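Q:
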Ligand code: ATP
Ligand code: MG
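Residue numbers (this note's numbering): 575 to 965.
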């Protein structure tokens, strides 16, 4: 084995979350992300997780990319393996970190020794490697307090490893450690970002999409499934519950005042999402709503739509500007798909003058003529579940 990946674990150490379950969940998530990239061994020691390839057939570049998207990891480095011998370690530093050593002005060497039978102490080895590197790179000066580059040396039971400072990881908490939520995924920019943000807090997601065929096309549905697929490197594999929504919308067009159409429609979304949440043990709903972005996203409208569910509605992008949401969408890789020009169910029968600030009781009155339970049940019974595998 030539190389491995070292992961630095995140905030559970500080938050007093159950450390063992954090590590177990993270490890299970890591194994799943490494699926198809070769045989790896993954284990955790002292808030670092080691991802070791079992043979040369492993796709290390693929694993590196995958590990950057695992929530619960704050930093990661690729480490080069070598013999447990001071000369071999020095050579590995020169070969593997040569570029960084040539560019930095100040550095230090830090050694960790798991193998206590190694004949030098950590300090002796750091001094030896540091001294040699200092001599061979005239640009370098030792600075033990604020070095530009830290050369890490690890002596493990079966090999030594060298690596530079970790790169930033995805942060957050391992998906699944904070329960499950139902995320309402439209084809827009905001809801994939909202889903990402809640998954980052350790929440496993079930996705729901309301589909208004034939008013919205199969391409529009495929786009949503593609968005879900793009989220899987962050969220893990996903189930998308595709809810037939046409019958409800047609019923609302017939029997509901036009100005309240959007609000009543959104209340149906919440009721159906809650029914799905009950079936899959989810404890919250997630939306991409953003305060003031559109007519149905005033505080009054949020009160009205939230009133039909007893679950908390998590709206992680509620206080963000569009540019901030777009920046995040680009970072996580969903933006280009989100802006593909397919219609969404919300653009079907859009009222000309939507009510921005519904009065208490008004929406309930508008729903009085509807058989709400039957409409919700029919929609739930018609759900198509699509499994979206890891991208
Ligand atoms: P987005 O960019 O996420 O589509 P938006 O700014 O277009 O959001 P709305 O269309 O008002 O806002 O939708 C608000 C939220 O309601 C969405 O972020 C999403 O969570 C949910 N939603 C809207 N339409 C659908 C749909 N067809 N299927 C599932 N969820 C939806
Ligand atoms: Mg939308």
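For every residue, glycine included, the Cβ atom is placed at its ideal position computed from N, Cα and C.
Everything numeric in this text was worked out from a predicted model, so none of it was measured.
Curious, which full-length alpha helix (DSSP H) runs of at least 4 residues does the region 604-659 contain?
A: For the region 604-659, whole alpha helix (DSSP H) runs of length 4 or above, ordered along the chain, are 634-641.
Q: Extract the residue ranges of the alpha helix (DSSP H) inside the region 904-960, only unbroken runs of 4 or more that lie entirely within it.
A: Whole alpha helix (DSSP H) segments, 4+ residues: 909-912, 936-941 and 946-955.
Q: Which of the three DSSP states, helix, strand or coil, is assigned to residue 899?
A: Residue 899: helix per DSSP, three-state reduction.
Q: Beta-carbon within less than 6 Å of residue 781's beta-carbon, same chain only, minus the 5 sequence neighbours each way: which residues are those?
A: Here the set comprises 757, 759, 802, 812 and 814.
Q: Just to confirm, does residue 877 get its C-beta within under 7 Å of one of the non-hydrogen atoms of the ligand ATP?
A: Not so, every heavy atom of the ligand ATP lies at least 7 Å from the Cβ.
Q: Taking the alpha-carbon positions, what's the residue 911 to residue 868 distance?
A: Roughly 21 Å between the two C-alpha positions.
Q: Below 7 Å, is the gap between the Cβ of residue 862 and the nearest heavy atom of the ligand ATP?
A: The answer is yes for residue 862.
Q: How about residue 682 and residue 718: are their beta carbons less than 8 Å apart?
A: Yes, they are a contact pair.
Q: By how many angstroms is the C-alpha of residue 689 removed from the C-alpha of residue 699?
A: Residue 699 and residue 689: Cα-Cα distance of roughly 13 Å.
Q: Can you tell me which of the three DSSP states residue 758 falls into?
A: Of the three classes helix, strand and coil, the one that applies to residue 758 here is strand, per DSSP.
Q: Taking the alpha-carbon positions, what's the residue 872 to residue 823 distance?
A: One C-alpha to the other measures close to 22 Å.
Q: With DSSP collapsed to three states, give me the class of residue 857.
A: Three-state DSSP puts residue 857 in coil, outside helix and strand.
Q: Going by the C-beta, is residue 762 closer than 7 Å to any heavy atom of the ligand ATP?
A: Yes, the ligand ATP has a heavy atom inside 7 Å of this Cβ.
Q: Residues in its own chain within less than 7 Å of residue 626 by CB, not counting five upstream and five downstream?
A: Closer than 7 Å at the Cβ level, and outside the excluded window around residue 626, lie 575, 578, 614 and 615.
Q: Nearer than 7 Å: is that true of the beta carbon of residue 923 relative to any heavy atom of the ligand ATP?
A: Not so, every heavy atom of the ligand ATP lies at least 7 Å from the Cβ.
Q: Going by alpha carbons, who is nearest to residue 889 out of 830, 693 and 773?
A: Residue 773 is the option with its Cα nearest to residue 889.
Q: How many Å lie between residue 663 and residue 892 at the Cα?
A: For residue 663 and residue 892, the distance between alpha carbons rounds to 51 Å.
Q: Hey, how far is the Cα of residue 853 from the Cα of residue 900?
A: Their Cα atoms are separated by approximately 33 Å.
Q: Taking just the CA atoms, how far does residue 741 sit from residue 593?
A: For residue 593 and residue 741, the distance between alpha carbons rounds to 23 Å.
Q: By the 10 Å Cβ neighbour count, where 16 or more other Cβ atoms means buried, how is residue 608 classified, buried or exposed?
A: Residue 608 comes out buried.
Q: Cβ of residue 783 within 7 Å of any heavy atom in the ligand ATP?
A: For the ligand ATP, at least one heavy atom lies less than 7 Å from the Cβ of residue 783.
Q: So, with DSSP's three-state summary, where would you put residue 807?
A: Of the three classes helix, strand and coil, the one that applies to residue 807 here is helix, per DSSP.
Q: Alpha carbon to alpha carbon, how far is residue 667 from residue 877? Give it in angstroms, no decimals.
A: The straight-line gap from Cα to Cα measures roughly 60 Å.
Q: Inspect the CB distances between the region 947-955 and the region 846-861 and report whether three or more fall short of 8 Å.
A: The region 947-955 vs the region 846-861: in contact.
Q: For the pair the region 792-809 and the region 932-950, tell me if three or more CB-CB distances fall below 8 Å.
A: No, the region 792-809 does not touch the region 932-950.
Q: Taking only three categories from DSSP, how would you classify residue 690?
A: Coil, per DSSP.
Q: Comparing the CB of residue 791 with every heavy atom of the ligand ATP, is any distance shorter than 7 Å?
A: No, the ligand ATP has no heavy atom inside 7 Å of this Cβ.
Q: Any chance you could list the beta strand (DSSP E) runs of at least 3 consecutive residues sitting entirely within the region 810-854, in chain order?
A: Runs of the beta strand (DSSP E) inside the region 810-854: 812-818.
Q: Out of 753, 716 and 712, point me to the one whose CA is closest to residue 701's CA.
A: The shortest C-alpha separation from residue 701 is found at 716.
Q: Please indicate yes or no: does the CB of residue 843 lie closer than 7 Å to some heavy atom of the ligand NAD?
A: Absent from the structure shown: the ligand NAD. Ligands present: the ligand ATP and the ligand MG.
Q: What residue does the beta strand (DSSP E) around residue 740 start on, and which one ends it?
A: Note, residue 740: premise wrong, no beta strand (DSSP E); not H, not E.
Q: Counting only the same chain and skipping the five closest in sequence on each side, list residues whose C-beta sits under 7 Å from that of residue 843.
A: The answer, listed in chain order, is 758 and 784.
Q: By Cβ distance below 8 Å, which residues in the same chain neighbour residue 821 in space, the five residues on each side in sequence not counted?
A: Cβ within range, chain order: 949, 952 and 953.
Q: Residue 845: buried (16+ other C-beta within 10 angstroms of its C-beta) or exposed?
A: Under this definition residue 845 is a buried residue.
Q: In three-state terms, what does DSSP make of residue 584?
A: Coil, per DSSP.
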